[in-house]
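Quick note, the numbering used here runs 659 ahead of the 1-based positions in the sequence shown. One structure is given here, and the rest of the page talks about it.
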Amino acid sequence: MGGLRLAYRSAGDPGDPPMVLLHGLGDDERDWLPVLPGLASRHRVYALDLRGHGRSGHPGDYSFELMAGDVLGFLDASGIDRCVLVGHSMGGVVAILLAGAHPHRVTALVLEDVTAPRPGALSRPPLDRPAEPTPFDFAAVTAIRAQITDPDPAWWDRLATLSTPTLIVGGANSTIPQHLLSETVERMPDARLVSLEAGHHVHADRPAEFLAAVRGFLAGRDGAAPAPIPTG
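Spelled out as structure tokens, the structure:
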């Protein structure tokens with residue numbers, strides 16, 4: 660990780676298949692708490708603070724590519740050969756870039772209300788720095804919003820060859836245009852879309868439905884033992 664300190668929360672049985680959670684812009688690992696116990700029931704879960712956020716280092720230099728490199732470094736340092744990668748918003752773009760560059764490291768991909776940015780799709784103008792201090796490095800906001808507005812066209816192009824099994828969970832009431840998610844599913848070789856009555860933070864708005872969608876998708880894909888069949 661190039662000397663960068665990456666903080667994380669872990670949960671679940673160390674013997675279960677690993678799952679890595681990547682939060683959105685301005686959030687941190689605590690954002691996953693509504694669904695962490697459910698995810699950790701069948702996985703060893705690692706919820707990371709991405710650079711500039713939470714308890715991780717605030718180096719002042721930010722991009723999707725740097726964050727993807729940080730996550731890859733975390734996998735290497737933690738001895739995680741392959742994992743399920745779950746990303747919300749900014750974290751979803753990080754997950755897409757990592758899976759695209761190192762598909763052998765990702766058993767399955769779960770993207771929450773996000774797709775790879777593509778030119779002309781979204782505009783995120785710069786924001787004024789708040790007068791009050793923020794719990795994250797505001798420089799990350801400026802850098803990430805600039806990349807969303809003017810992304811590398813290769814990010815969208817590469818989705819056509821990203822064969823990692825992928826679930827996209829969209830929020831029907833989100834500010835993210837949902838047609839972008841549908842177009843992503845059409846472009847990817849092995850992807851499906853589930854839409855829930857939620858805003859952009861689907862896992863927080865509809866935790867039970869989010870967990871059900873993720874569990875159903877991962878069944879047989881992640882190396883986890885099958886869920887027990889109720890008896891009696």
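We put the CB at the ideal spot given by N, CA and C, even for glycine.
- Taking a C-beta distance under 9 Å as the contact criterion, residue 764 and residue 731 qualify as a contact pair.
- Between residue 677 and residue 742, the CB-CB gap stays under 9 Å.
- DSSP, read as helix, strand or coil, puts residue 703 in strand.
- The secondary-structure analysis by DSSP pairs residue 790 with nothing; it has no beta-bridge partner.
- Per DSSP, the unbroken beta strand (DSSP E) holding residue 677 starts and ends at 677-681.
- Nearest Cα to residue 863 within the set 712, 686, 674: 686.
- DSSP assignment within the region 712-779 yields the following whole beta strand (DSSP E) runs of 3 residues or more, N-terminal first: 742-747, 765-771.
- For the pair residue 707 and residue 799, the CB atoms are not nearer than the 9 Å cut-off.
- When the beta-carbon positions are compared, residue 773 and residue 827 come within less than 9 Å of each other.
- Within the same chain, Cβ atoms closer than 6 Å to the Cβ of residue 680 are found at 691, 706, 745, the five residues on either side in sequence being excluded.
- In the same chain as residue 721, and ignoring 5 residues on each side of it, the C-beta atoms closer than 7 Å to its own belong to 710, 711, 798, 799, 802, 803, in chain order.
- The beta carbons of residue 703 and residue 671 sit about 4 Å from each other, so the pair counts as a contact at 8 Å.
- Membership of residue 670 in the beta strand (DSSP E) is indicated by the continuous run 667-670.
- As computed with DSSP, residue 827 is found in a beta bridge with 770, 852.
- Take residue 782, set aside five residues on each side of it, and the residues of its chain with a beta-carbon closer than 7 Å to its own are 808, in chain order.
- In this structure, residue 846 sits away from residue 857, with a CB-CB distance that is not shorter than 9 Å.
- Judged by DSSP in its simplified three-state form, residue 820 adopts helix.
- In the DSSP assignment, residue 810 falls outside any alpha helix (DSSP H) and carries neither an H nor an E.
- In chain order, 804, 808 place their CB closer than 8 Å to the CB of residue 784, counting only its own chain and leaving out the 5 sequence neighbours on each side.
- In the DSSP annotation of this structure, the continuous segment of the alpha helix (DSSP H) that includes residue 871 starts and ends at 866-877.
- Residue 797 sits in a helix when the DSSP states are folded into three classes.
- Of the other Cβ atoms in all chains shown, 16 or more fall within 10 Å of the Cβ of residue 771; this residue is therefore buried.
- When only Cα atoms are considered, residue 674 and residue 737 end up about 14 Å apart.
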